[in-house]
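Peer 1: Residue 1 is where the sequence shown starts when you use full-length UniProt numbering, and the numbers rise one by one after that.
Each residue gets a CB set at the ideal place from its N, CA and C atoms; glycine is no exception.
Okay, here's the structure, questions in a sec.
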Amino acid sequence: MLGRSPLLRAGSLRPENLGQHALAMIGNVCFSIFVVGVLIFTIIAATYEPEDPLFHPSDKISTFLTSTSNATFESDNTVIKTGEDFMAANQTAFNTFINITDVADNAEIAASTGSDCGDEVGKPIDCKDPEVFHTMMRAAIEKFKDIHFYRFGKPVRGLDDNTCDMAWRFRPKEGKTASLYKDYRRFVISKAENCSLSVTDIGEYHSGVNARKRKPKKQAVFEKEGQQGGESASLPVVGEMVNDSLPVVESEAAFKNGKYLYYAGGGDRCKSMNHYLWSFLCALGEAQYLNRTLIMDLSICLSSMYTKTGQNEEGKDFRFYFDFEHLKEEASVLDQLQFWTDWNKWQRNDRLSLHLVEDFKVSPVKLKDLKDTLVVRKFGTVEPDNYWYRVCEGEAESVIQRPWHMLWKSRRLMDIVSAIASRLNWDYDSVHIVRGEKTINKELWPNLDRDTSPDSLLTTLKDKIEEGRNLYIDTNEPDKSFFDPLKDKYTTHFLDEYKDLWEENSEWSSETTKLNNGAPVEFDGYMRISVDTEVFLRGKKQLETFNDLTSDCKDGVNTCTTSSS
């Protein structure tokens, strides 16, 4: 008896009690595992920092819309930057502009030519006369004091005997972008009794339509020494005639010898313009890597975020928004309608082969050595795995670079920007005022409504912008009369003040209608945002809402960063 175990004495291990103890022990073990699991999960959740696609460090141009393995990431839906925004302006080249001292005055020309007045009074003005040319150049330089001139084209006859049209390339004196601009205006010229010439009037922006056409390269122009060629040859020239006709394959033999890449289907359609371009440039980058011609669908679906109806709108032309002339000069591209017409015509006779790729995970590296005439990447219907930009993720990121330099904004839209700035003589300040729904949400933007009220704006602008200045206001506030109190101190301007530049009978309307097979083109929401933003960016002083007008953060409370608020 004395040698028995206490457990046995208590009857704990009697047969009838074994089942109860086993269940209790199993329950305790399971509960312990659960507690440990919860503890581990809590620690991970508290310490884990997911990779944020917006903060990847990189020195490459593609980082404007940084690639990410998270395909559900959607970037900001505002106006995107394009290739010309990343071009560094060569200030040395821009410093060699034409001064008035570079242009001979009339006395010097008369002395060198030895011309005699004679019976010249009353005769039509000879626009080819060097004296007329120099008179016009001097008049332009004297009148437009806020721009630098880089090239003058030879004058041509205007509307009547005493008018001449002349074109020139210029850049605003305080320009921040690498672009050049072209203007052409009509000059009214008078000849005095002593045959001296003077300019009595200079027309509005683009009034000298006879001087608009591109001149042959051999035709003489007035340029300062050192300006010929160089950097200016590769810069966008806003205001030049645009040749964005569709490229064609010259012959059956050329088509047969070509290599092509086509992206079929996918879920990118009708997404934001940021999303569209992030995917399009992925496709273009792969075509460049594979040394293939990219087959493009020039028909864009405009996202509902940019439309008046609030619905997605099909049938928008790529050329409405981007510079197709520059793209086809820099890259090998074909319109898909033209391509499939040629393919159906010649594919069977020439035994042209097609390689189908149905998984975006197939790396471009594996397609590099394919001999097939056509490579088709076919995308499914399940988002986000059917986004084109998935092709450029993972391993492909090391071999495909998005060719931003090939994509510029539409020069037709940029010409509207130039026209607005020219009407303001390139001498204005600008302010971007965000209101709309954000002023209603006091939890995220508690001060925005107050800080963007007219009284607060007048107080803030007082120390930043000189009274009496032209002030361009880029805003999403629908009621522009809201800003009427600012008129006491500034001459205010809004985008709709210049709607004649895109309405019927405008240059923009005429050219886009031709692109659209004779159907008028709406100046849609994305175009408005694009032009509004670009005019703002050309102001001499630029004030932003979340940097200069309010202490609120752009994305709501506690989201401010050191780089921008």
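1. Assign Phe152 to buried or exposed, taking buried as 16 or more other Cβ atoms, counted over all protein chains shown, within 10 Å of its Cβ.
2. Could you check whether Ile433 and Thr452 sit closer than 8 Å to each other, using their CB atoms as the reference points?
3. Within 8 Å, do at least three Cβ pairs link the stretch 501–518 to the stretch 411–424?
4. Tell me the start and end of each unbroken alpha helix (DSSP H) in the stretch 293–321 that is at least 4 residues and wholly inside, in chain order.
5. With a threshold of 16 other CB atoms inside 10 Å of the CB of Lys514, please say whether the residue is buried or exposed.
6. To which residues does DSSP link Trp168 through a beta bridge?
7. Classify Val557 as helix, strand or coil using the three-state DSSP reduction.
8. May I ask which residues mark the beginning and end of the alpha helix (DSSP H) holding Tyr472?
9. Excluding the 5 residues preceding and the 5 following Asp360 in the sequence, name in chain order all residues of the same chain whose CB lies nearer than 6 Å to its CB.
10. Assuming Phe483 and Thr492 make a contact with CB atoms under 8 Å, what is their CB distance in whole Å?
11. Which word fits Phe94, buried or exposed, when buried means at least 16 other C-beta atoms lie within 10 angstroms of its C-beta?
12. Excluding five sequence neighbours on each side, which residues of the same chain lie with their C-beta closer than 7 Å to the C-beta of Lys176?
13. Return the CA-CA distance between Val242 and Tyr260, expressed in angstroms with no decimal places.
14. For Gly114, does the count of other Cβ atoms within 10 angstroms reach 16, so buried, or fall short, so exposed?
15. Can you give me the Cβ contacts of Lys428 inside the same chain, cut-off strictly under 6 Å, excluding the 5 residues immediately before and after it?
16. Give me the Cα-Cα distance between Leu495 and Phe144, rounded to the nearest whole angstrom.
17. Excluding the 5 residues preceding and the 5 following Asp102 in the sequence, name in chain order all residues of the same chain whose CB lies nearer than 7 Å to its CB.
18. Just to confirm the assignment, what range does the beta strand (DSSP E) spanning Arg377 have?
19. CB Lys442 to CB Ser530, shorter than 8 Å?
20. Taking only three categories from DSSP, how would you classify Val357?
21. Return helix, strand or coil for Ile100, following the three-state DSSP convention.
22. What are the boundary residues of the beta strand (DSSP E) that includes Phe222?
23. Give me the Cβ distance between Pro236 and Arg411, rounded to the nearest whole Å; I'm assuming they're in contact under 8 Å.
24. With a Cβ-Cβ cutoff of 8 Å, do Thr550 and Asp474 count as a contact?
25. Look up Thr135 in the DSSP assignment and say whether it is helix, strand or coil.
26. Taking contact to mean 3 or more Cβ pairs, one atom from each stretch, closer than 8 Å, check whether the stretch 348–355 and the stretch 308–319 are in contact.
27. What number of angstroms, rounded off, separates the C-alpha of Asp129 from the C-alpha of Phe546?
28. Measure the C-alpha to C-alpha separation of Ile440 and Leu486 and round it to an integer number of angstroms.
29. Among all the DSSP beta bridges, which residues are the ones paired with Ala264?
30. Is Tyr184 near Arg138, with beta carbons less than 8 Å apart?
31. Strictly by DSSP, which residues pair up with Leu197?
32. With distances taken from CA atoms, which of Ile80, Glu522, Val535 and Val238 is nearest His275?
33. Beta-carbon separation of Ala192 and Ala88 under 8 Å?
34. Which value, in whole angstroms, describes the spacing of the CA atoms of Ser510 and Leu302?
35. Please classify His405: does DSSP put it in a helix, a strand, or coil?
36. Give me the Cα-Cα distance between Asn425 and Glu84, rounded to the nearest whole angstrom.
Peer 2: The answer reads as follows:
1. Within the sequence shown, the letter at position 152 stands for residue 152. Under this definition Phe152 is a buried residue.
2. As a first step, residue 452 is located in the sequence shown; it is residue number 452 there, counting from the start. As a first step, residue 433 is located in the sequence shown; it is residue number 433 there, counting from the start. It is a contact, given that the beta carbons lie within the stated cut-off.
3. yes
4. 318–321
5. Mapped onto the sequence shown, residue 514 falls at position 514. With fewer than 16 other Cβ atoms within 10 Å, it is exposed.
6. Counting from one through the sequence shown, the residue named residue 168 turns up at place 168. Phe152 and Asp183, per the DSSP bridge assignment.
7. Sequence index remark: in the sequence shown, residue 557 carries index 557 (1-based). The answer is coil: DSSP assigns Val557 none of H, G, I, E or B.
8. As a working mapping, residue 472 is identified with position 472 in the sequence shown. Run containing Tyr472: none in the alpha helix (DSSP H); it sits in the beta strand (DSSP E), Asn470 to Thr475.
9. Position 360 of the sequence shown, counting from 1, holds the residue named residue 360. Looking at the sequence provided, one finds Phe at residue 360 rather than Asp. Once the five neighbours on either side are set aside, the close Cβ partners of Phe360 are Arg390 and Val391.
10. Position 483 of the sequence shown, counting from 1, holds the residue named residue 483. Position 492 of the sequence shown, counting from 1, holds the residue named residue 492. Their Cβ separation, rounded to whole angstroms, is 6 Å, which keeps Phe483 and Thr492 in contact under 8 Å.
11. Numbered from 1 along the sequence shown, position 94 holds the residue referred to as residue 94. Phe94 is buried by the Cβ-count criterion.
12. The residue you call residue 176 lines up with position 176 of the sequence shown. So the list is empty, once near-sequence residues are dropped.
13. Translated into positions along the sequence shown, residue 242 becomes position 242. Translated into positions along the sequence shown, residue 260 becomes position 260. Each residue's Cα considered, the two are about 26 Å apart.
14. Numbered from its first residue, the sequence shown carries residue 114 at position 114. Only weak support exists for where Gly114 lies, its pLDDT of 49 falling under 50; the value from the coordinates is given anyway. Exposed, since its Cβ has fewer than 16 Cβ neighbours within 10 Å.
15. Numbered from its first residue, the sequence shown carries residue 428 at position 428. Per the sequence shown, residue 428 should be read as Tyr rather than Lys. Excluding residues within five positions, the ones whose Cβ falls inside 6 Å are Asn470, Tyr472 and Gly539.
16. The residue given as residue 495 occupies position 495 in the sequence shown. The residue given as residue 144 occupies position 144 in the sequence shown. For Leu495 and Phe144, the distance between alpha carbons rounds to 23 Å.
17. The sequence position of residue 102 within the sequence shown is 102, counting from 1. Excluding sequence neighbours, Asp102 sits near Lys224.
18. Mapped onto the sequence shown, residue 377 falls at position 377. Its beta strand (DSSP E) spans residues Leu374 to Phe379.
19. Here residue 442 is taken as the residue at index 442 of the sequence shown, counted from 1. Here residue 530 is taken as the residue at index 530 of the sequence shown, counted from 1. No, the pair does not count as a contact, with Cβ atoms beyond the cut-off.
20. The residue given as residue 357 occupies position 357 in the sequence shown. Note: Val357 maps to strand in three-state DSSP.
21. Counted from its first residue, the sequence shown places residue 100 at position 100. DSSP places Ile100 in helix when its eight states are reduced to three.
22. Taking the first residue of the sequence shown as position 1, residue 222 is located at position 222. Here the beta strand (DSSP E) through Phe222 covers Val221 to Glu223.
23. Within the sequence shown, the letter at position 236 stands for residue 236. Within the sequence shown, the letter at position 411 stands for residue 411. Contact flag correct, Cβ pair sits at about 7 Å.
24. Position 550 of the sequence shown, counted from the start, is the residue given in the question as residue 550. Position 474 of the sequence shown, counted from the start, is the residue given in the question as residue 474. Against a cut-off of 8 Å, the Cβ pair of Asp474 and Thr550 comes out as no contact.
25. Sequence index remark: in the sequence shown, residue 135 carries index 135 (1-based). Here Thr135 sits in helix by DSSP.
26. no
27. Counting from one through the sequence shown, the residue named residue 129 turns up at place 129. Counting from one through the sequence shown, the residue named residue 546 turns up at place 546. C-alpha separation (whole angstroms): 55 Å.
28. Taking the sequence shown and counting its residues from 1, one reaches residue 440 at position 440. Taking the sequence shown and counting its residues from 1, one reaches residue 486 at position 486. Near 22 Å, if we compare the C-alpha coordinates of Leu486 and Ile440.
29. In the sequence shown, residue 264 corresponds to position 264, counting from 1. Lys378.
30. Along the sequence shown, one-based indexing puts residue 184 at 184. Along the sequence shown, one-based indexing puts residue 138 at 138. Not in contact: Tyr184 and Arg138 (Cβ atoms no closer than 8 Å).
31. Along the sequence shown, one-based indexing puts residue 197 at 197. For Leu197, which the question treats as bridged, DSSP gives the partners Lys191.
32. Here the question's residue 275 lines up with position 275 in the sequence shown. Cα-wise, what sits closest to His275 is Ile80.
33. Position 192 of the sequence shown, counting from 1, holds the residue named residue 192. Position 88 of the sequence shown, counting from 1, holds the residue named residue 88. Against a cut-off of 8 Å, the Cβ pair of Ala88 and Ala192 comes out as no contact.
34. Here residue 510 corresponds to residue number 510 of the sequence shown, with the count starting at 1. Here residue 302 corresponds to residue number 302 of the sequence shown, with the count starting at 1. Spanning the two alpha carbons is a distance of roughly 21 Å.
35. The residue given as residue 405 occupies position 405 in the sequence shown. His405: helix per DSSP, three-state reduction.
36. In the sequence shown, residue 425 corresponds to position 425, counting from 1. In the sequence shown, residue 84 corresponds to position 84, counting from 1. Each residue's alpha carbon lies about 23 Å from the other.
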